[in-house]
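Asks:
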Amino acid sequence: MRSRARVSRSGPTYLDDAIATVVLRERDAGEVRLDPQLLDARDPVDLLACLRAGPAPRVIPQIKRRARDPDMADFSAAHLAATLADAGAPLISVCTSERDGGPIDDLPAACGAVAVPVLWSDLVVSSRQLVVARRAGAQAVVLTVLALPPPRLRELAVLARRLGLAPVGRVHDEAGIERALAAGIACLEVSAREPATGSLDLERACSFRSSVPRRFGFIVGGGISDHGQVVAMRGRDIDAVVVGRHLMQADDPGLALMSLAAY
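Take the numbering used here: the final residue in the sequence shown is number 266, and no numbers are missing along the way.
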């Protein structure tokens, strides 16, 4: 695995510009003073128990406002989150990235509308962002391995847990898997995007399941657009898939979620 890891990490990635932008923004914002009352005040949600409480793979809907058609983008994140929870979502991902997410206000709106856990999806590079997620009501947070040197990845994973946030390591290759597991992250979201170009390759993402011990959660993110793709993952030890664009472009996202998740 190590020889492949060295190769897969060489060269630029499709996220480089976005990462640089976020790093500069967070540097300007400065680190936040940690409120002692937020530290160790609650246990992180047990994502594995949540994901493995039903037939695999579970379908995690992602609210990503910019993926919706422009004439349909003015929606209530709270209402949509409630609709998706009522449709059977085991948890809900809220994306606030500049590329295809929504404003940060979508996160507290969704958190306040549902009882299921909410996973915040963005490029997180600072402790300030983790505090923002905690105060917004999120129960879990994505840490993108490509965006963080190993020591910083471990540091943010530890801080996330102390804030009561379950860290989910977003990885793109075996190098990322190794780094996430070494940082003590128990649940991985394996991106279907090839790291150099950003092109989608769903089978490539699924193939990494053999590199991850069963005791770790395994989520595939991206590339799902029909029920047949979900069916094809059954029996492959894939705990869940994240689906954003397909649901956001549906006339009825709740019905579309139920159709994807139907057994």
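Every residue gets a Cβ at the ideal spot worked out from N, C-alpha and C, and that includes glycine.
#1: Suppose contacts are defined by Cβ-Cβ distances below 8 Å. Is Ile66 in contact with Gly105 by that definition?
#2: For the structure I just gave you, are there three or more beta carbon pairs, one from the region 160 to 167 and one from the region 100 to 119, closer than 8 Å?
#3: Please state whether DSSP places Ile222 in a helix, a strand or coil.
#4: Secondary structure at Pro15, three-state DSSP: helix, strand or coil?
#5: Report the residue from Gln132, Ser96 and Pro73 whose alpha carbon sits nearest the alpha carbon of Ala253.
#6: Can at least three beta-carbon pairs, one atom from the region 212 to 230 and one from the region 40 to 49, be found at a separation below 8 Å?
#7: What does the alpha-carbon distance come out to for the pair Ala141 and His249?
#8: Within its chain, find whatever has a CB closer than 6 Å to the CB of Leu243; leave out the 5 residues flanking it on each side and keep chain order.
#9: Is DSSP giving Leu94 helix, strand or coil here?
#10: Does the distance from the CB of Leu149 to the CB of Leu122 come in under 8 Å?
#11: CB-CB under 7 Å to Arg239, same chain, minus the five flanking residues each way: which ones, in chain order?
#12: Can the beta-carbon of Glu192 be found closer than 8 Å to that of Gly172?
#13: Which residue marks the beginning of the beta strand (DSSP E) containing Ile63, and which one marks its end?
#14: Pick out whichever of Pro15, Glu101, Tyr266 and Leu37 has its Cα sitting closest to the Cα of Ser129.
#15: Within a Cβ cutoff of 7 Å, which residues of the same chain sit near Pro120, ignoring the five residues on either side of it in sequence?
#16: Is Ser6 buried or exposed, if buried means 16 or more other CB atoms sit within 10 Å of its CB?
#17: Might you give, ordered along the chain, the residues of its own chain that have their beta carbon closer than 6 Å to the beta carbon of Cys98, omitting 5 neighbours on each side?
#18: According to the neighbour-count rule (16 or more other Cβ atoms, all chains shown, within 10 Å of its Cβ), is Asp176 buried or exposed?
Replies: Taking the geometry as given:
#1: Contact: yes.
#2: no
#3: strand
#4: Pro15: coil per DSSP, three-state reduction.
#5: The shortest Cα separation from Ala253 among Gln132, Ser96 and Pro73 belongs to Pro73.
#6: no
#7: Cα to Cα, Ala141 sits roughly 23 Å from His249.
#8: The amino acid occupying residue 243 in the given sequence is Ala; Leu does not appear at that position. Correct list, in chain order: Leu54, Pro60, Arg61, Ile63 and Ile222.
#9: coil
#10: Going by beta carbons, Leu149 and Leu122 fall outside the 8 Å limit.
#11: Cys209 and Arg212
#12: yes
#13: Arg61 to Ile66
#14: Leu37
#15: Val48, Cys53, Leu94, Gln142 and Ala143
#16: Because the pLDDT at Ser6 is just 31, under 50, the model does not fix this residue reliably, and the value given afterwards should be weighed accordingly. Answer is exposed; the Cβ neighbour count stays below 16.
#17: Gln65, Lys67, Gly104 and Ser124
#18: With a 10 Å radius around the Cβ and a threshold of 16 neighbouring Cβ atoms, Asp176 comes out buried.
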